[in-house]
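Written out below as structure tokens is the structure these notes cover.
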Amino acid sequence: MLEIQDFRDFSIKNWYDNFKNVTLQTIILELPDQLLKRIQSDQIEDSDDENETNDEVPLEFIQEFKNALNTLGNNAFVKNNWHAPVDARMFSFGHLLKVVTLEDVITYFSSSGKIQDDFSNSKGVTFCLALRKWISIHPAAEFRCIVINNTLRGITPRDWPTFYAHFKEEGPHIIEELTKFYNDNIKIKFYRKNYIFDVVFQYPENPYIIDFESLNSKTNLYAFSWKEIQPLISKETPENIAPVFRYLENDVGIMTRADALSTFAKSHS
Ligand SMILES: Nc1ncnc2c1ncn2[C@@H]1O[C@H](COP(=O)(O)OP(=O)(O)OP(=O)(O)O)[C@@H](O)[C@H]1O
Ligand SMILES: [Mg+2]
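So, in structure tokens, the structure goes:
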């Protein structure tokens, strides 16, 4: 769960303007109370007719929503301030989580535990609907980057533990390009010293940011463990240190995350 300050700092509404030129085109709308109510009540039961008339979504919002979709090419990916309804993928056509109508948003948001948790746990934050341009992303192109004391220290594939043969050859480029990308576009500009950011990077194309996230014991660090990352936060960071890019080095068949971490530890001890 996020802390109160995290809810503020990691809301896309807070960071989007500063990173507009290095992230996906996004249109952020304020979520009307009526829509929030529908999303929360659809989760429990289908609202009856009477409720629906009371909870009618303002026409002005519906128009803003249509205009936004239109601007994005009539295909959008949707998030609230912090998360995407990835746990509701099975309710979407082809599991693609594409948004074409407002009903899609209601279905995904009301079926997603991640989204529902955010709405019940965050206090004092205005909820938003972030519509992002829908793009097809190759799983091997998604990386999570760990920043400690304003230095990029770790890079992990988000599709972990999956073996990708090209990581070995491209590894040095991935390290070099993502370090440069971080130093030129993110370092100091983001208001925290310790955090993670997600990128899409298909070498040799330019990387772009998908998201920022808090760094704590609950953060999914994929190939890294919190036990090895946590001590680095209180230690002084050596100057000019390069990040570690950790990926699965051998094709070992299907592995659980725990298997992969212990195999990695053994081969590096
Ligand atoms: N604009 C987009 N178009 C298509 N797919 C997308 C888009 N943005 C994200 N995705 C896919 O959805 C996944 C989840 O998106 P994202 O990382 O923004 O969600 P999240 O809720 O912040 O996830 P996490 O909790 O892991 O940080 C991404 O890994 C990517 O595969
Ligand atoms: Mg995220």
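Offset between the sequence shown (1-based) and my numbering: plus 9.
Note that beta-carbon positions come from the ideal geometry of N, C-alpha and C, so glycine has one too.
The structure presented is a predicted model; accordingly, all values stated were derived computationally and were not measured.
Less than 7 Å between the CB of residue i and some heavy atom of ligand 2, yes or no?
i: glutamate 245; result: no
i: glutamate 222; result: yes
i: aspartate 15; result: no
i: histidine 182; result: no
i: aspartate 260; result: no
i: histidine 277; result: no
i: aspartate 126; result: no
i: aspartate 51; result: no
Relative to the alpha-carbon of residue i, which residue among the options has its alpha-carbon at the smallest distance?
i: asparagine 158; options: Glu151, Phe136, Leu224 and Phe118; result: Leu224
i: alanine 150; options: Asp168, Asp260 and Gly122; result: Asp168
i: cysteine 154; options: Thr171, Val95 and Asp220; result: Asp220
i: serine 20; options: Phe74, Trp235, Phe199 and Ile184; result: Phe199
i: isoleucine 13; options: Ile250, Phe128 and Glu112; result: Phe128
i: isoleucine 115; options: Glu245, Glu248, Ile48 and Glu69; result: Ile48
i: proline 240; options: Lys46, Phe176, Arg162 and Gln211; result: Arg162
i: phenylalanine 190; options: Lys202, Asn76 and Thr160; result: Thr160
i: tyrosine 212; options: His277, Pro170 and Glu178; result: Glu178
i: threonine 35; options: Leu45, Asn76 and Glu69; result: Asn76
i: glutamine 43; options: His277, Phe28 and Glu65; result: Glu65
i: isoleucine 197; options: Arg17, Trp24, Gly82 and Ser234; result: Trp24
How about residue i and residue j: do their beta carbons lie closer than 8 Å?
i: isoleucine 195; j: proline 252; result: no
i: leucine 38; j: phenylalanine 136; result: no
i: valine 95; j: isoleucine 218; result: no
i: valine 109; j: leucine 140; result: no
i: arginine 98; j: histidine 104; result: yes
i: tyrosine 256; j: phenylalanine 206; result: no
i: asparagine 90; j: tryptophan 143; result: no
i: isoleucine 183; j: phenylalanine 254; result: yes
i: threonine 246; j: valine 261; result: no
i: phenylalanine 100; j: serine 120; result: yes
i: phenylalanine 118; j: asparagine 259; result: no
Considering just the uninterrupted stretch of the alpha helix (DSSP H) at residue i, what are its terminal residues?
i: tyrosine 200; result: Run containing tyrosine 200: none; DSSP gives neither H nor E here.
i: tryptophan 235; result: 235 to 243
i: alanine 232; result: Per DSSP, alanine 232 belongs to no alpha helix (DSSP H) and is neither H nor E.
i: phenylalanine 118; result: 111 to 120
What did DSSP end up calling residue i once you bin it into helix, strand or coil?
i: glycine 163; result: strand
i: glutamate 59; result: With a pLDDT of 48 at glutamate 59, under the threshold of 50, the predicted position of this residue should be treated as unreliable, though the coordinate-derived value follows. Of the three classes helix, strand and coil, the one that applies to glutamate 59 here is helix, per DSSP.
i: arginine 255; result: coil
i: valine 261; result: coil
i: isoleucine 195; result: coil
i: lysine 29; result: helix
i: glutamate 39; result: strand
i: isoleucine 144; result: coil
i: aspartate 168; result: coil
i: serine 20; result: coil
i: aspartate 64; result: coil
i: leucine 138; result: strand
i: isoleucine 205; result: strand
i: isoleucine 250; result: coil
i: leucine 270; result: helix
How far does the beta strand (DSSP E) with residue i in it reach, from first residue to last?
i: phenylalanine 3; result: An answer regarding residue 3 cannot be provided, because it is not within the stretch 10 to 278 covered by the chain.
i: serine 223; result: 217 to 223
i: lysine 152; result: Here the sequence assigns phenylalanine to residue 152, which means lysine is not the residue at that position. Its beta strand (DSSP E) spans residues 151 to 157.
Is it the case that the CB of residue i approaches a heavy atom of ligand 1 more closely than 7 Å?
i: arginine 167; result: yes
i: alanine 149; result: no
i: lysine 88; result: yes
i: leucine 33; result: yes
i: arginine 201; result: no
i: alanine 232; result: no
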